[in-house]
Amino acid sequence: VTGGQIGAQIEFLSGADTVDTATCLFADRGTFNWRTFTCDANPDGAYDAIRINIGWRNVSDGKLGLDAVLFGP
-3 VTGGQIGAQI
7 EFLSGADTVD
17 TATCLFADRG
27 TFNWRTFTCD
37 ANPDGAYDAI
47 RINIGWRNVS
57 DGKLGLDAVL
67 FGP
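Mind the numbering: the sequence shown is residues -3 to 69 in my numbering, read in order.
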């Protein structure tokens, strides 16, 4: 399978302003079983909220499933 991207983007927010952003792409493509996907982020600045975008772009078809989203230190 070629083309497109699958991944996550983590935005660290202070009020309405974006303090920092981390973008992590999922390297595996095609048919496979459930996999653990880790996106490490270390923001440069204080924040009071996090927004997470998970999905794909420029992928014509297929399925993307989420079992759990966890946060940790």
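Ideal Cβ placement from N, Cα and C applies to all residues, glycine included.
Everything numeric in this text was worked out from a predicted model, so none of it was measured.
Collapsing the DSSP output to three states places alanine 37 in coil.
With a cut-off of 8 Å on Cβ pairs, the segment 27 to 40 is in contact with the segment 2 to 9, counting three or more such pairs. Sorting Leu66, Thr17 and Ser56 by C-alpha distance to the C-alpha of isoleucine 2 places Ser56 at the top. Excluding five sequence positions before and after threonine 17, the CB atoms of its chain that fall closer than 8 Å to its own CB belong to Gln5, Ile6, Glu7 and Phe8, given in chain order. DSSP, reduced to helix, strand and coil, places aspartate 57 outside both helices and strands of the structure shown, so it counts as coil. Pairing alanine 23 with asparagine 29, the inter-Cα distance amounts to about 14 Å. In this structure, glycine 0 lies near asparagine 54, with their beta-carbon atoms less than 9 Å apart.
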